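Residue numbers 6 to 289, in the numbering used here, belong to the letters of the sequence shown in order.
From the three backbone atoms N, C-alpha and C, an ideal C-beta is built for every residue, glycine too.
Note that the structure is a prediction, hence the values are computed from the model and not measured.
Notes follow the structure.
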Amino acid sequence: MKARGKVNLCLLVGAPRTDGLHPLVSVFQPTALADEVTIEPASPEEIVAIARREAAARRRDGASGVRDLVVCPGVYGDNLALRAFTEFRAATGWDGAPQRISIAKRIPVAGGMAGGSADAAAALRLAGQVSGIPVPNHLAMRLGADVPALLHDTRALVTGAGEHVEPVAGAELPLVIVPLDAALTAKEVYRAFDILGAARSDEELAEAAARIRAGHDPPLVNDLEPAARRLCRAIDPALEALEKEGAEHPMVTGSGPTVFGRAADPERVAARLREAGYNRAVAA
Ligand code: ATP
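Put into structure tokens, the structure is as follows:
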């Protein structure tokens with residue numbers, strides 16, 4: 006199953022709520038740049054390994070409930086797709102055979118395209134398919150603020166702290182995406198955003214959401230961009246390169262550092278960017 010990443014056509018951000026999450030108004034645009042997530046029953050050896058791991062977890066700090074395993078080259082530590090399966094089992098009581106979740110990563114890791122959330126959303130859909138049980142509504146948000154929108158996999162207006170997702174009209178855009186050889190965590194970028202003190206008021210956010218619902222184009226603004234640019238010096242030259250090679254409205258996506266622009270001929274612009282040294286530039 007394809008797990009498409011996203012770019013934020015707009016990302017307007019308010020001050021943190023009492024639960025620590027930031028209110029936002031964003032338009033998520035799924036991209037052709039996607040991971041591939043597949044599942045199959047775990048082998049007998051893998052089932053033994055899962056049981057051993059669970060026994061060790063139980064001795065350490067109580068059962069973890071992890072009944073599946075993930076193979077995801079390039080991502081170390083806990084994997085959101087595996088967590089999606091574990092939470093799905095816990096929420097639904099599904100006790101099907103242990104599964105091996107295999108992920109071929111193409112979306113840049115910690116790049117602002119919500120690759121981990123896309124994999125988690127795909128894992129939830131796959132768990133729903135293999136079990137025959139619909140995915141409970143509350144599960145996606147528990148896995149992360151971007152997961153509800155990615156579960157929909159269409160262009161969407163995202164409000165609240167990510168939990169309200171409404172499909173919005175608009176043709177798929179020809180995009181050029183430029184992943185950089187750098188990583189930023191959403192947490193550090195939001196922290197820098199808070200320090201800059203540029204949060205939008207609730208009224209501004211409500212007004213922007215209403216305009217988008219009424220069919221206006223989203224404002225081409227990412228409020229996290231100044232914070233991401235301060236934290237990652239490679240962003241400014243990449244934005245300039247996008248502009249120079251013919252892309253319109255170069256922007257940072259999400260918490261960065263990936264940048265993107267629109268282009269009538271995205272393949273040509275991506276090829277020119279690769280020639281200029283941005284080896285990972287793609288039309289998407
Ligand atoms: P966000 O804006 O939601 O933080 P991002 O695109 O900036 O998204 P991700 O690629 O989703 O960042 O990854 C953030 C962190 O999550 C990574 O550093 C990685 O350790 C962890 N992670 C867990 N599972 C995955 C996964 N399947 N793919 C990528 N990263 C994962």
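Alpha carbons only, please: which of Glu250, Val257, Val80 is nearest the one belonging to Ala269?
Here residue 269 is taken as the residue at index 264 of the sequence shown, counted from 1. Considering only alpha carbons, the answer is Glu250.
Whose C-beta lies closer than 6 Å to the C-beta of Ile182 among residues of the same chain, with five residues either side of it excluded?
Here the question's residue 182 lines up with position 177 in the sequence shown. Leaving aside the five residues that flank Ile182 on each side, the residues in its chain whose CB is nearer than 6 Å to its CB run, in chain order, Leu38, Phe265, Val287, Ala289.
With DSSP run on the structure shown, which of helix, strand or coil describes Ser260?
Residue numbering aside, residue 260 sits at position 255 when the sequence shown is read from its first letter. Three-state DSSP puts Ser260 in coil, outside helix and strand.
DSSP three-state label for His143, please.
Position 138 of the sequence shown, counted from the first residue, corresponds to residue 143. The three-state reading of DSSP puts His143 in coil, since its state is none of H, G, I, E or B.
Just to confirm, is the Cβ distance from Leu244 to Pro231 under 9 Å?
Residue 244 sits at position 239 when you count from the first residue of the sequence shown. Residue 231 sits at position 226 when you count from the first residue of the sequence shown. Against a cut-off of 9 Å, the Cβ pair of Pro231 and Leu244 comes out as no contact.
Going by DSSP, name the residue or residues bridged to Cys15.
Against the sequence shown, residue 15 aligns to sequence position 10. Partner(s): Val32.
Within its chain, find whatever has a CB closer than 6 Å to the CB of Ala127; leave out the 5 residues flanking it on each side and keep chain order.
Counting from one through the sequence shown, the residue named residue 127 turns up at place 122. Only Met6, Ala8, Val42 meet the Cβ criterion.
Sorted by chain position, which residues of the same chain lie with C-beta nearer than 7 Å to Cys237's C-beta, five sequence neighbours on each side aside?
Walking along the sequence shown from the start, residue 237 turns up at place 232. Result list for Cys237: Ala187, Leu189, Gly261, Pro262, in chain order.
Quick check: what's the CA-CA separation for Gly202 versus Ala191?
Residue mapping note: residue 202 aligns to position 197 of the sequence shown, counting from 1. Residue mapping note: residue 191 aligns to position 186 of the sequence shown, counting from 1. Roughly 17 Å between the two C-alpha positions.
Buried versus exposed call for Gln134 [16 or more other C-beta atoms within 10 Å across all chains shown]
Along the sequence shown, read from residue 1 onward, the residue named residue 134 stands at position 129. That one is exposed.
Do the CB positions of Leu4 and Val194 come within less than 9 Å of each other?
Nothing can be reported for residue 4: it is not among the residues displayed for the chain, which extend from 6 to 289.
Report the three-state DSSP secondary structure of Ser122 (helix, strand or coil).
The residue you call residue 122 lines up with position 117 of the sequence shown. DSSP places Ser122 in helix when its eight states are reduced to three.
For the alpha helix (DSSP H) holding Leu185, just list the boundary residues, first then last.
Sequence index remark: in the sequence shown, residue 185 carries index 180 (1-based). Per DSSP, Leu185 belongs to no alpha helix (DSSP H) and is neither H nor E.
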